[in-house]
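Report on one structure; see the data block that follows.
There are 2 protein chains.
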Amino acid sequence: MSNPQRKQTVTEISDATLRQFFGYRMKRAFNVVQADLAQTLKRYELRMLTYSALVLIVDNPGLRQSQLADAMDIERPNLVVLIDELERRELILRDRVPNDRRAYALKPTLAGQQLCSQAVAAVTAHEEALLQDVDASERAAATDVMKKIERRYRDG
Amino acid sequence: MSNPQRKQTVTEISDATLRQFFGYRMKRAFNVVQADLAQTLKRYELRMLTYSALVLIVDNPGLRQSQLADAMDIERPNLVVLIDELERRELILRDRVPNDRRAYALKPTLAGQQLCSQAVAAVTAHEEALLQDVDASERAAATDVMKKIERRYRDG
DNA sequence: CCTAATAGATATGGAGTATAACAATGATGA
DNA sequence: TCATCATTGTTATACTCCATATCTATTAGG
Numbered sequence: 072m073s074n075p076q077r078k079q080t081v082t083e084i085s086d087a088t089l090r091q092f093f094g095y096r097m098k099r100a101f102n103v104v105q106a107d108l109a110q111t112l113k114r115y116e117l118r119m120l121t122y123s124a125l126v127l128i129v130d131n132p133g134l135r136q137s138q139l140a141d142a143m144d145i146e147r148p149n150l151v152v153l154i155d156e157l158e159r160r161e162l163i164l165r166d167r168v169p170n171d172r173r174a175y176a177l178k179p180t181l182a183g184q185q186l187c188s189q190a191v192a193a194v195t196a197h198e199e200a201l202l203q204d205v206d207a208s209e210r211a212a213a214t215d216v217m218k219k220i221e222r223r224y225r226d227g
Numbered sequence: 072m073s074n075p076q077r078k079q080t081v082t083e084i085s086d087a088t089l090r091q092f093f094g095y096r097m098k099r100a101f102n103v104v105q106a107d108l109a110q111t112l113k114r115y116e117l118r119m120l121t122y123s124a125l126v127l128i129v130d131n132p133g134l135r136q137s138q139l140a141d142a143m144d145i146e147r148p149n150l151v152v153l154i155d156e157l158e159r160r161e162l163i164l165r166d167r168v169p170n171d172r173r174a175y176a177l178k179p180t181l182a183g184q185q186l187c188s189q190a191v192a193a194v195t196a197h198e199e200a201l202l203q204d205v206d207a208s209e210r211a212a213a214t215d216v217m218k219k220i221e222r223r224y225r226d227g
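Which chain is which? The protein sequence lines are W and U, in order.
Going by this note's numbering, the first sequence opens with residue 72, and the numbers climb by one from there.
Going by this note's numbering, the second sequence opens with residue 72, and the numbers climb by one from there.
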């Protein structure tokens, strides 16, 4: 390692072209956030998607699978396995919707509510630590940009 | 649809708990950006990763696969198939590194350079359209936040 | 030399996502 | 009523992305 050109290859990689793209920056930052989240949720045996589903069911008891899939922006077939998992762990249950025997009313169990509270608290703390360099106004500004991007998509 | 309670289910889903998380907003916005990018790259038969790899090879001709994997933050085995694909399409080639017969020096072909230019221009235009509601100062603020998150991870 | 480290490749599995197709049920209109 | 269509959840399938273990060829270092 004494000779800096010992292998006659590029020494420093430039990502100048990619760095100009907002999406590139977003992907790199999101990878960090996602890795931190996954690490945080591991002790609750939750993943990002099972966590999101659980929180939404706790906050909206009685919702249908199709509503949950819409809210999570995933396809109905992919939600089924998530719900299967949460149900098998007895964190939620599939109740019947009265007057519509096609649909399930998803409801959290007591254990599901408790795990949800713990997980939300843990995620809040970890996200706070991850964003400790970012003050409130910066977060608000970044959040506004995210909202605009999301809205732009919904509108078409 | 005349009776708003006709099915006795939750009518409007609340994601208030999740919305408080920066990571949640980021994921939703990033999904939009990624979908737009994928759509843009489709006509060039590129995906996000093959596109990133191609751009980095064009900008850093002669770099090694392990350097590229580092730059892209992906594992070496996963890069191999990306490089295979770009090489098979004759957008890049695996040259030999002098004095190190283990390594390849990745270089773009002329076709690779041309496709890269076209793709970069298309991505730039599409990203501009996606961000047309977001002015320069907002973008800069959001980009700063992304940089801080990324740096926080690198530092530990 | 002998051993350890490095570069690339192969195999494999998990996770996320998307589509097609199906059964059961509900809604609608002739 | 009844025929038709839409909706709900499900199964099967496939593709992409990501991670790990393991292998070879080669290089580096004691």
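By construction, the Cβ of each residue, glycine as well, lies at the ideal position given by its N, Cα and C atoms.
Listed by position along chain W, the residues whose Cβ is nearer than 7 Å to that of residue 88(U) are 126, 130 and 191.
If you ignore the 5 residues before and after residue 156(W), its C-beta comes within less than 8 Å of the C-beta of 121, all in its own chain and listed in chain order. Residue nearest to residue 220(U) within the set 100(W), 95(W), 82(W) and 96(W) is 100(W) (criterion: CA-CA distance).
If you compare the alpha carbons of 105(W), 159(W), 212(W) and 103(W) with that of residue 125(W), the shortest gap goes to 159(W).
In the structure shown, the three-state DSSP call for residue 107(W) is helix. In this structure, DSSP gives residue 171(U) an extended state, which the three-state scheme calls strand.
Straight through space, the alpha carbons of residue 190(W) and residue 115(W) are spaced by roughly 7 Å. Under the three-state reduction of DSSP, residue 141(W) is assigned to helix.
Buried is the label assigned to residue 107(U), since at least 16 other Cβ atoms lie within 10 Å of its Cβ.
In chain order, 158, 178 and 180 place their CB closer than 7 Å to the CB of residue 164(W), counting only its own chain and leaving out the 5 sequence neighbours on each side.
Annotation: residue 218(W) to residue 88(W) spans about 26 Å, alpha carbon to alpha carbon. When Cβ-Cβ separations below 8 Å define contact, residue 221(W) makes contact with chain U.
Among the residues facing chain U, residue 104(W) is included, as its CB has a counterpart in that chain under 8 Å away.
Rounded to the nearest whole angstrom, the CA to CA distance from residue 93(U) to residue 210(W) is 8 Å. Rounded to the nearest angstrom, the Cβ distance from residue 130(W) to residue 85(U) is 5 Å, consistent with a contact under 8 Å. Distance between residue 98(U) and residue 169(U), taken at the CA atoms: about 43 Å.
Judged by DSSP secondary structure, residue 125(W) falls within the alpha helix (DSSP H) whose first and last residues are 119-130. Each of 171(W), 83(W), 215(W) and 194(W) was checked against the Cα of residue 109(W), and the nearest Cα belongs to 194(W). If you look at residue 216(W), you'll find it in the alpha helix (DSSP H) that goes 207-226. Residue contact with chain U for residue 188(W): absent (no Cβ-Cβ distance below 8 Å to any residue of chain U).
A direct Cα-Cα distance of roughly 15 Å separates residue 184(W) from residue 112(W).
Counting only the Cα atoms, residue 173(W) lies some 39 Å from residue 118(U).
Counting along the chain, no alpha helix (DSSP H) covers residue 202(W), and no H or E run does either. Taken in chain order, the members of the segment 135-149 of chain W whose beta-carbon sits within less than 7 Å of a beta-carbon on chain U are 135, 138, 142 and 144. Only those residues of the segment 156-190 of chain U whose C-beta falls short of 8 Å from the nearest C-beta of chain W are listed: 168, 169, 170, 171, 174 and 176. Note on geometry: alpha-carbon atoms of residue 175(W) and residue 144(W) lie some 19 Å from one another.
When DSSP reads this structure, residue 163(W) sits in a beta bridge with 179(W). Under the DSSP assignment, residue 134(W) falls outside any alpha helix (DSSP H); it carries neither an H nor an E label. The straight-line gap separating the alpha-carbon atoms of residue 123(W) and residue 95(W) is approximately 25 Å.
Counting along the chain, the unbroken alpha helix (DSSP H) around residue 90(U) starts and ends at 87-90. Residue contact check for residue 115(U) against chain W: no CB pair falls below 8 Å.
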